[in-house]
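Trainee:
Residue numbers (the numbering used here), protein chains in the order written: chain A, 284 to 482; chain B, 2 to 126.
1) For residue 343 (chain A), which three-state DSSP category applies?
2) Restricting to Cα atoms, I'd like to know which of B:106, B:57 and B:118 is closest to residue 9 (chain B).
3) Determine contact between the stretch 84-93 of chain B and the stretch 447-461 of chain A, defined as no fewer than three beta-carbon pairs at a distance below 8 angstroms.
4) What residues in its chain sit with their C-beta under 7 angstroms from that of residue 26 (chain B), if we drop five residues either side in the sequence?
5) Per DSSP, which one or two residues make a beta bridge with residue 62 (chain B)?
6) Taking 8 angstroms as the cut-off, decide whether the C-beta atoms of residue 364 (chain A) and residue 336 (chain A) are in contact.
7) Could you name the residues of chain A that residue 58 (chain B) contacts, counting a contact when the two beta carbons are closer than 9 angstroms?
8) Please return the same chain residues whose Cβ sits closer than 7 angstroms to the Cβ of residue 59 (chain B), not counting the five positions on each side in sequence.
9) Can you tell me which of the three DSSP states residue 305 (chain A) falls into?
10) Taking residue 407 (chain A) as the query, report the chain B residues whose CB atoms sit under 7 angstroms from its CB, ordered along the chain.
11) What are the boundary residues of the beta strand (DSSP E) that residue 471 (chain A) is part of?
12) Nearest by alpha-carbon distance to residue 453 (chain A): which of A:327, A:430, A:393 and A:358 is it?
13) At a CB distance below 8 angstroms, what residues from the stretch 325-342 of chain A approach chain B? Give them in sequence order.
14) So, residue 376 (chain A) versus residue 404 (chain A), is the Cβ gap smaller than 8 angstroms?
15) Specify, as a first and last residue, the run of the beta strand (DSSP E) that residue 326 (chain A) falls within.
16) So which of B:82, B:30, B:21 and B:49 has the shortest CA-CA distance to residue 437 (chain A)?
17) Please give me, in chain order, every unbroken run of the alpha helix (DSSP H) with length at least 4 that falls completely inside the stretch 374-411 of chain A.
18) Can you tell which of A:387, A:361 and A:326 has the C-alpha that lies nearest to the C-alpha of residue 379 (chain A)?
19) Nearest by alpha-carbon distance to residue 306 (chain A): which of B:121, B:117, B:65 and B:77 is it?
20) Check each candidate in B:125, B:111, B:31 and B:77 and name the one with the smallest Cα separation from residue 85 (chain B).
21) Looking only at C-alpha atoms, which of A:297, A:442 and A:409 sits nearest to residue 390 (chain A)?
22) By a C-beta neighbour count over all protein chains shown, 10 Å radius and 16 as the cutoff for buried, is residue 401 (chain A) buried or exposed?
23) Could you tell me the alpha carbon to alpha carbon distance between residue 116 (chain B) and residue 354 (chain A), rounded to whole angstroms?
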């Protein structure tokens, strides 16, 4: 398990809820709309402190994983509020402890901006997703607008020390991992996106 | 409504503080290119510091992106203006013009966001 990533997100867990206060409220309705498409056996990748559990549709069983034990400690406090069941597990997305074709749906929120080897992680998701299964992603990516792209590139080495990369080509990475893009939607400029893909 | 007002106030604050910072560092008669470079640095520094404070209140990208445009381009313009001593003779006027620039950038970005928002690819299944 990559200990650098674990250490970084353990540290980030202390201020994560405070720093994401506005993002949760501002982007929540979009996440709720995306998650309404959840069906069947579902895994949530990078559960974080569990801020996004409130946007999950009721009545499901969700396997929620995260690389950071400290994040999961905080997420555990929010599990009870969900009208369904959530099983929290400490796990690296690049090395999932699930059998092939275990899930019908995999959901991610701002995950593949942070996974050190994103294509490896996405290939693991491809492996554990059943044929025809869906990948529902809420992610921020590198802008294609010149000045914004340069800015995100320049900020990434600094922001990466404490948080995510700002310049990932996540749509491209999803396709590189073998998924077919079903739908792509811009939520804020061309930076914050909903990406829906199928295996 | 909270976020709409907050976005504009944040933009106006970054614009005003950038303009005041540039006014303090770029005396009239400075080479215009140097003034623009100093302005850009001041604007970027202002937006990074204020952005970190406002991010929890307004959201990560909604703070970073307008702040960057206001800081970088605003700083450049204000640096050019002050090097030429072309307008805004008082500090109050300087701050108001900075705030106006910030609000204009936020408005323009919101309009641009509306044009980009929505489905980009839909395979129809």
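Glycine included, every Cβ here is placed at the ideal spot set by N, Cα and C.
Mentor: Inspection of the coordinates gives the following:
1) As a first step, residue 343 (chain A) is located in the first chain; it is residue number 60 there, counting from the start. Reduced to three states, the DSSP call for residue 343 (chain A) is coil.
2) Walking along the second chain from the start, residue 9 (chain B) turns up at place 8. Of the listed residues, the one whose Cα sits closest to residue 9 (chain B) is B:106.
3) The stretch 84-93 of chain B makes no contact with the stretch 447-461 of chain A; the number of CB pairs closer than 8 angstroms stays below 3.
4) As a first step, residue 26 (chain B) must be located in the second chain, where it is residue number 25. Same-chain partners within the cutoff: 39 and 43.
5) Locating residue 62 (chain B) in the second chain gives position 61, counting from the first residue. For residue 62 (chain B), DSSP records no beta bridge to any residue.
6) Along the first chain, one-based indexing puts residue 364 (chain A) at 81. Along the first chain, one-based indexing puts residue 336 (chain A) at 53. Yes, the Cβ-Cβ distance between residue 364 (chain A) and residue 336 (chain A) is below 8 angstroms.
7) Along the second chain, read from residue 1 onward, the residue named residue 58 (chain B) stands at position 57. At a C-beta separation below 9 angstroms, residue 58 (chain B) has these neighbours in chain A: 304 and 305.
8) Locating residue 59 (chain B) in the second chain gives position 58, counting from the first residue. 4, 7, 8 and 11.
9) Reading the first chain from its first residue, position 22 is the one you call residue 305 (chain A). Helix.
10) For this step, residue 407 (chain A) is matched to residue 124 along the first chain. By Cβ distance, chain B contributes nothing, its closest Cβ being about 24 angstroms from residue 407 (chain A), past 7 angstroms.
11) The count along the first chain starts at 1 and reaches residue 471 (chain A) at position 188. Where residue 471 (chain A) is concerned, the enclosing beta strand (DSSP E) stretches over 463-471.
12) By one-based count along the first chain, residue 453 (chain A) stands at place 170. Among A:327, A:430, A:393 and A:358, the Cα nearest to that of residue 453 (chain A) is on A:393.
13) none
14) Numbered from 1 along the first chain, position 93 holds the residue referred to as residue 376 (chain A). Numbered from 1 along the first chain, position 121 holds the residue referred to as residue 404 (chain A). Cβ distance < 8 angstroms, so residue 376 (chain A) and residue 404 (chain A) count as in contact.
15) Position 43 of the first chain, counted from the first residue, corresponds to residue 326 (chain A). Its beta strand (DSSP E) spans residues 325-328.
16) In the first chain, the residue the question calls residue 437 (chain A) occupies position 154. If we check each option's Cα against that of residue 437 (chain A), B:49 comes out closest.
17) 401-411
18) Within the first chain, residue 379 (chain A) is the residue found at index 96, counting from 1. Among A:387, A:361 and A:326, the Cα nearest to that of residue 379 (chain A) belongs to A:326.
19) Stepping through the first chain from its first residue, residue 306 (chain A) is reached at position 23. Looking at the Cα atoms, B:65 is the closest of the given residues.
20) For the purposes of this step, residue 85 (chain B) is taken as residue 84 along the second chain, with counting starting at 1. When each option's Cα is compared against that of residue 85 (chain B), the closest is B:31.
21) Locating residue 390 (chain A) in the first chain gives position 107, where the first residue counts as 1. The shortest C-alpha separation from residue 390 (chain A) is found at A:409.
22) The residue labelled residue 401 (chain A) in the question sits at position 118 within the first chain. Answer is buried; the Cβ neighbour count reaches 16.
23) As a first step, residue 116 (chain B) must be located in the second chain, where it is residue number 115. As a first step, residue 354 (chain A) must be located in the first chain, where it is residue number 71. Cα to Cα, residue 116 (chain B) sits roughly 36 angstroms from residue 354 (chain A).
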